[in-house]
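Here is the structure we will look at.
In this note's numbering, the protein residues as written are 41 to 420.
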């Protein structure tokens, strides 16, 4: 059983899908592990550390991929990589397949058994495998660090002989994993924090972190959460009422962090250009949804947009801005998932295709697209 870890082909992706820690664990399970030279460089992991953990180092990806039983990736592979996969190989990663039907179909045609980690169900057994949560947690932290860097003022209140520096006012929009970590980090830095979310359960979580909850709490709000714990898309009427409340609140804020995403859909617009224009000079907005179209009107992917005297930070791949930590968590997520595919006695692949985690994440198998979200398209 050979597990391979290629260097990510996206030049803006510094994360890696395995670390020396997880390599050592895979070797203990009986796997032969190969890592492409330089794969860990962006995460400050030299080739020598992988070798010390028991991996072999491959100079290039193609020969390594052609002999792989399992391929571990951070991002979905490109066409140039897929052509090197051997039929029957297993691919595991955060494949971001929605809207990329061509890649899903190409994986099926190549005979690859692909697993998208984003589709893991939110159940207790899958918590250690949850790549969305581990990476969102770091994104929320990094959002506040980026905000502080661009703010130009201190976050905590400081009483000095020269006078008092007021605490920064931070408003977090969306209190999921990223939002809650943003709240906690801003609080640690001494800011006065408020937050909003359309899910009723978020109120208690926000308040438990010492922040004030801001929302229109009507009957629709009380029903605004799916069984899976995600936010429902709200009615136009509710959105209008919430927007009015937020618009007034934004005028008093120094920093705004937006984190709102609905799986498989463009990011909802939460902050209009008029709202941005109403903010105080020197204010900063950090849009964590910019890769999906953004929550803030005027956000530019990969850039800091200057709108009057207000900055909109639109950095891409926020977890990748702290790659060593992001890779460590991501690699553990993948190990926890792949371990369930390996028979401990025979030390060989033994996938239980009826396992609920396998069924939930499996995109392609035996030359066909099998995931319910794509199966109809693959059959056309």
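Positions of the beta carbon are idealized from the N, C-alpha and C atoms, including for glycine.
Remember, it's a predicted structure, so these values are computed and weren't measured experimentally.
Distance between beta carbons of residue 195 and residue 231, contact taken as under 8 Å: The count along the chain shown starts at 1 and reaches residue 231 at position 191. The count along the chain shown starts at 1 and reaches residue 195 at position 155. Contact between residue 231 and residue 195 holds, since their C-beta atoms are separated by about 5 Å, short of 8 Å.
Cβ-based burial, residue 406 [other Cβ within 10 Å; buried from 16]: Position 366 of the chain shown, counting from 1, holds the residue named residue 406. That one is exposed.
Simplified DSSP assignment, three categories, for residue 221: Stepping through the chain shown from its first residue, residue 221 is reached at position 181. If DSSP states are grouped into helix, strand and coil, residue 221 belongs with the helices.
Nearest neighbour of residue 139, chosen from 116, 371, 369 [CA to CA]: Translated into positions along the chain shown, residue 139 becomes position 99. Nearest of 116, 371, 369 to residue 139, Cα basis: 116.
Terminal residues of the beta strand (DSSP E) in which residue 325 lies: As a first step, residue 325 must be located in the chain shown, where it is residue number 285. Counting along the chain, the beta strand (DSSP E) containing residue 325 begins and ends at 324-327.
Of the listed residues 75, 191, 105, nearest to residue 296 (C-alpha basis): Residue numbering aside, residue 296 sits at position 256 when the chain shown is read from its first letter. By alpha-carbon distance to residue 296, the top candidate from 75, 191, 105 is 191.
First and last residue of the uninterrupted beta strand (DSSP E) at residue 297: Sequence index remark: in the chain shown, residue 297 carries index 257 (1-based). Segment 295-298, the beta strand (DSSP E) holding residue 297.
Span of the beta strand (DSSP E), counted from its first residue to its last, around residue 76: The count along the chain shown starts at 1 and reaches residue 76 at position 36. Residue 76 -> beta strand (DSSP E) spans 72-76.
Nearest-angstrom Cα separation, counted from residue 309 out to residue 338: Mapped onto the chain shown, residue 338 falls at position 298. Mapped onto the chain shown, residue 309 falls at position 269. Those two C-alpha atoms are separated by around 10 Å.
Pick from 217, 211, 118 that is closest to residue 234, judged by C-alpha positions: Your numbering for residue 234 matches position 194 in the chain shown. Each of 217, 211, 118 was checked against the Cα of residue 234, and the nearest Cα belongs to 211.
Proximity below 8 Å, CB of residue 293 to CB of residue 256: The residue given as residue 293 occupies position 253 in the chain shown. The residue given as residue 256 occupies position 216 in the chain shown. Cβ distance not < 8 Å, so residue 293 and residue 256 don't count as in contact.
Beta-carbon proximity check, residue 287 vs residue 319, cutoff 8 Å: For the purposes of this step, residue 287 is taken as the residue at position 247 of the chain shown. For the purposes of this step, residue 319 is taken as the residue at position 279 of the chain shown. Cβ distance not < 8 Å, so residue 287 and residue 319 don't count as in contact.
Meets three-Cβ-pair contact criterion under 8 Å: the region 198-206 and the region 383-393: No contact exists between the region 198-206 and the region 383-393.
Beta carbon of residue 400 nearer than 8 Å to that of residue 66: Reading the chain shown from its first residue, position 360 is the one you call residue 400. Reading the chain shown from its first residue, position 26 is the one you call residue 66. Not a contact, by the Cβ cut-off of 8 Å.
First through last residue of the beta strand (DSSP E) which encompasses residue 138: Taking the first residue of the chain shown as position 1, residue 138 is located at position 98. Element bounds for residue 138: n/a, residue is neither H nor E.
First through last residue of the alpha helix (DSSP H) which encompasses residue 229: Here residue 229 refers to the residue found at position 189 of the chain shown. That residue, residue 229, is in no alpha helix (DSSP H); it is neither H nor E in DSSP.
Every unbroken alpha helix (DSSP H) inside the region 350-411 [4 residues or more]: Note on the region 350-411: whole alpha helix (DSSP H) runs with a minimum of 4 residues are 363-378, 396-401, in chain order.
Beta-carbon spacing of residue 76, residue 101 below 8 Å: Taking the chain shown and counting its residues from 1, the one referred to as residue 76 is at position 36. Taking the chain shown and counting its residues from 1, the one referred to as residue 101 is at position 61. Going by C-beta atoms, residue 76 is nearer than 8 Å to residue 101.
With 16 other Cβ atoms within 10 Å as the buried cut-off, status of residue 43: Numbered from 1 along the chain shown, position 3 holds the residue referred to as residue 43. Using a 10 angstroms sphere on the CB of residue 43, the tally of other CB atoms reaches 16 or more, which defines it as buried.
Cα-Cα separation, residue 88 to residue 80: Against the chain shown, residue 88 aligns to sequence position 48. Against the chain shown, residue 80 aligns to sequence position 40. Taken atom to atom, the span from the alpha-carbon of residue 88 to that of residue 80 is near 10 Å.
Length of the line joining the Cα atoms of residue 325 and residue 381: Here the question's residue 325 lines up with position 285 in the chain shown. Here the question's residue 381 lines up with position 341 in the chain shown. Looking at the two C-alpha atoms, the distance is approximately 43 Å.
For residue 254, three-class secondary structure by DSSP: Numbered from 1 along the chain shown, position 214 holds the residue referred to as residue 254. In the structure shown, the three-state DSSP call for residue 254 is coil.
For residue 357 and residue 307, the rounded distance between their alpha carbons: For the purposes of this step, residue 307 is taken as the residue at position 267 of the chain shown. For the purposes of this step, residue 357 is taken as the residue at position 317 of the chain shown. Whole-angstrom Cα-Cα distance: 15 Å.
Reference residue 363; option with closest CA among 56, 50, 355: To locate residue 363, count along the chain shown from 1; it is residue 323. Considering only alpha carbons, the answer is 56.
Those residues which DSSP pairs with residue 56 across a bridge: In the chain shown, residue 56 corresponds to position 16, counting from 1. Per DSSP, none; premise fails for residue 56.
Which listed residue (384, 299, 349, 331) has its alpha carbon closest to that of residue 313: Locating residue 313 in the chain shown gives position 273, where the first residue counts as 1. For the residues 384, 299, 349, 331, the minimum Cα distance to residue 313 belongs to 349.
Buried or exposed by the 16-neighbour rule on C-beta atoms within 10 Å, applied to residue 419: For this step, residue 419 is matched to residue 379 along the chain shown. At residue 419 the pLDDT is 40, less than 50, meaning the model places this residue with poor confidence; the figure from the coordinates comes in the next sentence. The residue is exposed, with fewer than 16 neighbouring Cβ atoms inside 10 Å.
Assigned secondary structure, residue 131 (DSSP; H/G/I helix, E/B strand, else coil): One-based indexing of the chain shown puts residue 131 at position 91. In the three-state DSSP reduction, residue 131 falls in the strand class (E or B).
Local Cβ density within 10 Å of residue 200, reported as buried at 16 or more and exposed below that: Within the chain shown, numbered from 1, the residue matching residue 200 stands at position 160. Looking at its Cβ environment, which holds fewer than 16 other Cβ atoms inside 10 Å, residue 200 is exposed.
Within 8 Å, strictly: CB atoms of residue 215 and residue 237: Here residue 215 corresponds to residue number 175 of the chain shown, with the count starting at 1. Here residue 237 corresponds to residue number 197 of the chain shown, with the count starting at 1. Their beta carbons are under 8 Å apart, which means residue 215 touches residue 237 by this criterion.
Among 144, 263, 343, nearest to residue 413 - alpha-carbon criterion: Here the question's residue 413 lines up with position 373 in the chain shown. Of the candidates 144, 263, 343, the one whose C-alpha sits nearest the C-alpha of residue 413 is 144.
Residue 238, DSSP secondary structure in three states: Counting from one through the chain shown, the residue named residue 238 turns up at place 198. Residue 238 carries a coil assignment under DSSP once its states are collapsed to helix, strand and coil.
Neighbourhood of residue 184 by C-beta, 6 Å cutoff - its chain only, sequence neighbours within 5 removed: As a first step, residue 184 must be located in the chain shown, where it is residue number 144. Within the same chain, Cβ atoms closer than 6 Å to the Cβ of residue 184 are found at 222, 225, 226, the five residues on either side in sequence being excluded.
Which of helix, strand or coil DSSP assigns to residue 420: Here residue 420 corresponds to residue number 380 of the chain shown, with the count starting at 1. With a pLDDT of 40 at residue 420, under the threshold of 50, the modelled position of that residue is not reliable, and the figure given next carries that caveat. Coil at residue 420, not helix or strand.
Option in 130, 131, 141, 103 with minimal Cα separation from residue 124: Locating residue 124 in the chain shown gives position 84, where the first residue counts as 1. Selection 130, 131, 141, 103 evaluated against residue 124 yields 103 as nearest (Cα-Cα).
As assigned by DSSP and simplified to three states, the class of residue 195: Mapped onto the chain shown, residue 195 falls at position 155. Reduced to three states, the DSSP call for residue 195 is coil.
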